[in-house]
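*Asks:* Residue numbers (the working numbering), protein chains in the order written: chain Z, 238 to 543; chain Y, 238 to 543; chain L, 238 to 543; chain U, 238 to 543.
Glycine included, C-beta positions come from ideal geometry on N, C-alpha and C.
One structure, pasted below without further comment.
Protein chains: 4
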Amino acid sequence: MKPTKQILDDILNEVRPLIGQGKVADYIPALACVPNDKLGIAVYTNDGEMITSGDADERFSIQSISKALSLTLAMELYQPEELWQRVGKEPSGQAFNSLIQLEMEQGVPRNPFINAGAIVVADMLFSRFSAPKHRLLEFVRKLSGNEHIIYDRVVANSEMDHSDRNASIAYLMRSFGNFDNEVMPVLKNYFHACALNMSCIDLARTFGYLANKGIQPETNEFIVTPMQSKQINALMATCGLYDGAGEFAYRVGMPGKSGVGGGIIAIVPGEMTIAVWSPELDPSGNSLAGTQALELLSERIGRSIF
Amino acid sequence: MKPTKQILDDILNEVRPLIGQGKVADYIPALACVPNDKLGIAVYTNDGEMITSGDADERFSIQSISKALSLTLAMELYQPEELWQRVGKEPSGQAFNSLIQLEMEQGVPRNPFINAGAIVVADMLFSRFSAPKHRLLEFVRKLSGNEHIIYDRVVANSEMDHSDRNASIAYLMRSFGNFDNEVMPVLKNYFHACALNMSCIDLARTFGYLANKGIQPETNEFIVTPMQSKQINALMATCGLYDGAGEFAYRVGMPGKSGVGGGIIAIVPGEMTIAVWSPELDPSGNSLAGTQALELLSERIGRSIF
Amino acid sequence: MKPTKQILDDILNEVRPLIGQGKVADYIPALACVPNDKLGIAVYTNDGEMITSGDADERFSIQSISKALSLTLAMELYQPEELWQRVGKEPSGQAFNSLIQLEMEQGVPRNPFINAGAIVVADMLFSRFSAPKHRLLEFVRKLSGNEHIIYDRVVANSEMDHSDRNASIAYLMRSFGNFDNEVMPVLKNYFHACALNMSCIDLARTFGYLANKGIQPETNEFIVTPMQSKQINALMATCGLYDGAGEFAYRVGMPGKSGVGGGIIAIVPGEMTIAVWSPELDPSGNSLAGTQALELLSERIGRSIF
Amino acid sequence: MKPTKQILDDILNEVRPLIGQGKVADYIPALACVPNDKLGIAVYTNDGEMITSGDADERFSIQSISKALSLTLAMELYQPEELWQRVGKEPSGQAFNSLIQLEMEQGVPRNPFINAGAIVVADMLFSRFSAPKHRLLEFVRKLSGNEHIIYDRVVANSEMDHSDRNASIAYLMRSFGNFDNEVMPVLKNYFHACALNMSCIDLARTFGYLANKGIQPETNEFIVTPMQSKQINALMATCGLYDGAGEFAYRVGMPGKSGVGGGIIAIVPGEMTIAVWSPELDPSGNSLAGTQALELLSERIGRSIF
């Protein structure tokens, strides 16, 4: 069955009662103050149709969803062997910001979607771009077709004020020779990427290339090769939802990437990209109502990669 | 493109030079003596076609591939909440036989495909079946349509003689209250399951239900619900290849389950089941040439879940 | 100042208010039912004087204190290089029954006073003695001069009924080749050693050789060399109080060994042996009031190795 | 037996053949270039006698031995409860610069002698002193009676250039709220303390107070209380030799503190302080010949705390 406005409306109504059972991220004040009852969804099909419901056009902090964008840029800039000797492709089995495995594995992070891995990717972008923040913004504006996307400076600065754990991660990698630049400037760029403010509509359109073999629908712009598109989806499927990737695959059955701002993007390869947003998180740090909405959508439209 | 005999022949020729670069499992003598140059592949489509190449009809020890069969039986016997409170659904991020995470997580294994998880499943089958070994054999013979499938007693006994690590795992779970029966009888059943002798043809046919929404092709027998079939595939995709699940998803892009006997089964949901065999393993314990063959097949026929 | 009956009486009065603030060991029923208000102390000097207060002649389960006796026997039976290649001499920094470090360090326990280490020692005694239980009992009766010391069979059997964790430890070491005999018979001996029933008076006299350069006071019997006596004291000082060895050294300043039955023995080398008993434990598993009594005694009589 | 010049000469001759079997610290160039055949020892008795042999008056980098001095200052400045809520008193059971335990234990280091613990102590001194480097130098000059003691700036700067691992440790503690100041200025002070250049004679005299109940011999200056002196010795006995504290207690039987510059100080409470120096280290990071010299001295003069 094709997704319709009606299906999306129904699903949001069904998951809305979950609001109140999760917990809005509160490690920085700028995130803690987001109203917990926001709820939106956008489906963007490979033939360019955009179907939405709820607060689909309201912007929020995409947080770790940006890690998929940074990875895409790094895959454009670096040869596979350069990239994958510095970061792995395996699920970590540990919390997203843990240092334990990182120390035992000599400073090579398990995958690009845990903090350590995304920070290595940020370091690699920093080495190649003269103005990494500017380049990422340009990239996102192009992908989304929305020139108004900006960084939320309050969020970025707030992250920087609470950066000790990530600084610890970066210095540990540096001590193992897996970090090339000064720590603080790289972290600043990393936090800006996390502080991108985007709506479900922006996100669904931005990640269209992952559902369309690397070509952006509508604009037909080449972003990555079909192989790279498949690889990014594979990495999201095994590592994209923190320590809840297995559960997400089991329930939703789509490659996805979540952020602690409550957003999730999910891909139905060959067909569509979906973005949901609900700020309250489950214990793994993924949007509670958002995950449930994706599970229901997967069932209703009969789409799953499995 | 459809898989053909010619494509399979070509692929085996291409991967054959890898033989000599891996390492046959040698932790028990019965496995160490398997000739390292065996190489076979079988593709079984949902419309009942079987395409093969190389040693596709020669039997080998399926080892951990049996974990997907035991899980299927447990999902038939138990309610989801009964099953999933005793074993998780997340990648472990650690070696398949590690006790570290098991101790930190209070005796609940990460997933049913690491040893600890499969041993819990064996314990659950033991609690419900009066003759678990007999029932599993019956189940496999039915699925494969091959009445001649048997346990390799030499392998099973050899595993039992080298069972200390698995006994340690079982007793640790027992100390946490997550193991109900006597340890040794359960392990005996567990080792017998691992000692099933099957060919690529047997395996491809056996797992047909996972490519066909829970219904066995040809016989049309109901094995599991479409939802359960999807769930098993999801678990294989995130956890089915030991500590190489991410790499396998990245390269092959199919749910799969491997065994240290050198076999791998892989699923293209809605289309086909593939079984490969080459005894030499890579450092993660997955068949070296077998993985490469699946990667090439995925490319040639343009099939991947991503 | 010399220890006197008056000093001991005063100290027991001072520490008695701590009763109610700790927790009697309850992992087996036979220990959980010991009255929590028992309190006793015995000081045995190298010139054969025995000074006591409180319940000093009441027997209790010595539990892990027996590990120092088993180690003494193993040091008599084996060459140092044989013994110390199978068990280390370093503090573990982890819980007494953890498997994590044991797995990471290839089945060689950190020291003879954590469970894994004591089980290796039990395995070594089992290999050399035809009737290890009998020999240990003989040894203790000789050291204490008390022919009435016996094993508490209820405790020993109760431990055996709750032996899963220790069985897991033993099998893990066996999988690394650091365990030579059948697991269950060795554990049975290990649990019997822990189930020795002795009073403070028995214990103080038994361990007299550690304060007297290896020679039992009064009987002048040779037990170990002066060097071995010094070595056992050193091991107790760094590893004898579970994960509270540092705190014990800081507060009490004597080599010691504790048991979850609430007993502690402490050594003032060259002068005296002290045994205390109070069943309630602190969070590290050491007698709460017992430790405090030893701290006060150390201050009053001005004895500490530091 | 009393230590004599002859005994010290004999011991150095006996241990000299070990030179060539260890490894000079090479993580910074300034340490790697120290001649490996230096060998010195100094014994300083409580009645003010100084007995020496070999290169006892040649200065070297004291490195982690400084941690005992910084701890002494912190114990003077802070109440025990203030100090010990920020750093523990237990052996770590892990490498001196590991982050694993530190993360699991919420940023509270195991003891003041592993890097993390010493960095917390440095943070505490930084909070109280306006010029911590100056104050420490003043303190050491007073204790040693040697006005010429200085920091080796080349070593200090070289440490700062290789500070990533320690920065990672500091930021991790900061993320847990156990670090109050800016990371880099504190590390700078920490590295200067490690870069103190002192001879065996300087060290033996400096630590005289730990053998003399807190009073400096000869000058009779009060440094710490008898209780504090005992406590520092206890901490050195259980935690002072990295991951070799148990072995050191077993072989030498004295509280001690080592540094990767090859120096070790050891205390015979009530009698004397000993300092040895030989730059080659054993695998635990302690001076190979230095430890052996202390073991021989302990045997010859019949001194051990056990």
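(1) If we count the other Cβ atoms within 10 Å of its Cβ and call it buried at 16 or more, is Gly285/Z buried or exposed?
(2) Can you list the residues of chain U that Glu327/L reaches, using a CB-CB cut of under 8 Å?
(3) Using a Cβ-Cβ cut-off of 6 Å (strictly less than) and excluding sequence neighbours within five positions of Val423/Y, which residues of its own chain qualify?
(4) Which residue comes first and which comes last in the beta strand (DSSP E) that contains Val345/Y?
(5) Report the neighbours of Tyr408/U on chain Z: residues whose CB is nearer than 8 Å to its CB, in chain order.
(6) For Gln243/U, which option in Val280/U, Ala267/U and Ile265/U has the closest C-alpha, if you only look at C-alpha atoms?
(7) Candidates Gln322/L, Ala311/L and Lys326/L: which alpha carbon is nearest Phe366/L's?
(8) Please compile the residues from chain U whose C-beta is within a distance smaller than 7 Å of the C-beta of Ala471/L.
(9) Let me check understanding here. Comparing Cα to Cα, which of Ile469/Y, Val461/Y, Tyr487/Y and Thr475/Y lies closest to Ile469/Z?
(10) Please state whether DSSP places Phe297/U in a helix, a strand or coil.
(11) Looking at C-alpha atoms only, which residue of Asn426/U, Tyr408/U and Cys431/U is the closest neighbour of Met421/Z?
(12) Could you check the C-alpha separation between Ala305/L and Leu518/L for me, to the nearest Å?
(13) So with Cβ pairs under 8 Å, would you call Pro266/U a contact of chain L?
(14) Is it the case that the stretch 365–380 of chain L contacts the stretch 437–457 of chain L, given that we only count it when at least three CB pairs across the two stretches are under 8 Å?
(15) Looking only at C-alpha atoms, which of Ser329/L, Tyr315/L, Arg323/L and Ile460/L sits nearest to Met410/L?
(16) Taking 8 Å as the cut-off, decide whether the C-beta atoms of Gly496/L and Ile337/L are in contact.
(17) Ala332/L lies in the beta strand (DSSP E); which residues open and close that run?
(18) Among Met509/Z, Glu375/Z and Ile511/Z, which has the Cα closest to the Cα of His385/Z?
(19) Short check: CB of Gly493/L to CB of Gly477/L, under 8 Å?
(20) How would you write the range of the beta strand (DSSP E) that Asn434/L sits in, first residue to last?
(21) Could you pull the start and end residues of the alpha helix (DSSP H) that Lys494/L belongs to?
(22) Quick one: what's got a C-beta closer than 7 Å to Asn352/Z's C-beta in the same chain, skipping five residues either side?
(23) Tell me, to the nearest whole angstrom, how far the beta carbon of Phe444/U is from that of Thr528/U; I am working on the premise that it is less than 8 Å.
(24) What residues from chain Z crowd round Glu560/U, counting only those whose CB sits closer than 7 Å?
(25) How far does the alpha helix (DSSP H) with Gly277/Y in it extend, from its first residue to its last?
(26) Between which two residues does the alpha helix (DSSP H) containing Gly483/L stretch?
(27) Look at the alpha carbon of Arg296/Z and the alpha carbon of Met435/Z, and state the distance between them as a whole number of angstroms.
(28) Name the chain Z residues whose beta carbon is nearer than 7 Å to that of Ser307/U?
(29) Just to confirm the assignment, what range does the beta strand (DSSP E) spanning Ser290/U have?
(30) Which residues of the stretch 341–365 of chain Z have a Cβ closer than 7 Å to any Cβ of chain Y? Give them in chain order.
(31) For a minimum of 4 consecutive residues, which ranges assigned as the alpha helix (DSSP H) are wholly contained in the stretch 360–395 of chain U?
(32) Identify which residue in Phe428/Z, Asp398/Z and Met238/Z has its Cα closest to the Cα of Glu419/U.
(33) Does Lys467/Z have its Cβ less than 8 Å from a Cβ in chain Y?
(34) Give a single yes or no on whether Ala448/Z has its beta carbon closer than 7 Å to a heavy atom of the ligand ATP.
(35) Using alpha carbons as the reference points, say which of Ala393/Z, Ala512/Z and Gly291/Z lies closest to Ile265/Z.
(36) For Gln331/U, count the other beta carbons within 10 Å of its own beta carbon; 16 or more makes it buried, fewer makes it exposed. Which is it?
*Replies:* Inspection of the coordinates gives the following:
(1) Of the other Cβ atoms in all chains shown, fewer than 16 fall within 10 Å of the Cβ of Gly285/Z; this residue is therefore exposed.
(2) Residues of chain U passing the Cβ test: Pro328, Gly330, Asp480, Gly481, Ala482, Gly483 and Glu484.
(3) Contacts found: Ala359, Asp360 and Phe363.
(4) Unbroken run through Val345/Y: none, as it is neither H nor E.
(5) The answer, in chain order, is Asp401, Arg402, Ala404, Ser405 and Tyr408.
(6) Residue Val280/U holds the alpha-carbon nearest to the alpha-carbon of Gln243/U among Val280/U, Ala267/U and Ile265/U.
(7) For Phe366/L, the nearest C-alpha among the options comes from Ala311/L.
(8) Those within 7 Å of Ala471/L in chain U are Ala486, Tyr487, Gly490 and Phe543.
(9) Checking every option, the nearest Cα to that of Ile469/Z belongs to Tyr487/Y.
(10) Here Phe297/U sits in strand by DSSP.
(11) For Met421/Z, the nearest C-alpha among the options comes from Tyr408/U.
(12) When rounded, the separation of the alpha-carbon atoms in Ala305/L and Leu518/L is 20 Å.
(13) Interface with chain L (8 Å Cβ-Cβ cutoff): Pro266/U is excluded.
(14) Contact holds: three or more Cβ-Cβ distances are below 8 Å.
(15) Minimum Cα distance to Met410/L is reached at Arg323/L.
(16) Not closer than 8 Å, so no.
(17) Where Ala332/L is concerned, there is no enclosing beta strand (DSSP E), given that its DSSP letter is neither H nor E.
(18) The option with the nearest alpha carbon to His385/Z is Glu375/Z.
(19) Going by C-beta atoms, Gly493/L is nearer than 8 Å to Gly477/L.
(20) Segment Leu433 to Met435, the beta strand (DSSP E) holding Asn434/L.
(21) No alpha helix (DSSP H) contains Lys494/L, which is instead part of the beta strand (DSSP E) from Gly493 to Ser495.
(22) Excluding five sequence positions before and after Asn352/Z, the CB atoms of its chain that fall closer than 7 Å to its own CB belong to Phe333, Asn334, Asn403 and Ile406, given in chain order.
(23) Between the beta-carbon of Phe444/U and that of Thr528/U there is about 17 Å, and that puts the pair past the 8 Å contact cut.
(24) Summary: the structure shown does not reach residue 560/U, with chain U confined to residues 238 through 543, and so no result is reported for it.
(25) Unbroken run through Gly277/Y is the beta strand (DSSP E), Gly277 to Thr282; no alpha helix (DSSP H).
(26) For Gly483/L, the enclosing alpha helix (DSSP H) starts and ends at Ala482 to Arg488.
(27) Here the C-alpha atom of Arg296/Z lies approximately 4 Å from the C-alpha atom of Met435/Z.
(28) Ordered by position in chain Z, no residue passes the 7 Å Cβ test against Ser307/U, which lies about 22 Å from the chain.
(29) Here the beta strand (DSSP E) through Ser290/U covers Met287 to Gly291.
(30) Of all residues in the stretch 341–365 of chain Z, only Arg347 and Asn348 come within less than 7 Å of chain Y when Cβ atoms are compared, listed by chain position.
(31) Annotation: the stretch 360–395 of chain U contains the following complete segments of the alpha helix (DSSP H) (minimum length 4 residues), in chain order: 369–381.
(32) Answer by Cα proximity: Asp398/Z.
(33) Chain Y contact via Cβ: present.
(34) This structure simply doesn't include the ligand ATP, nor any ligand for that matter.
(35) Nearest option by C-alpha distance: Ala393/Z.
(36) Answer is buried; the Cβ neighbour count reaches 16.
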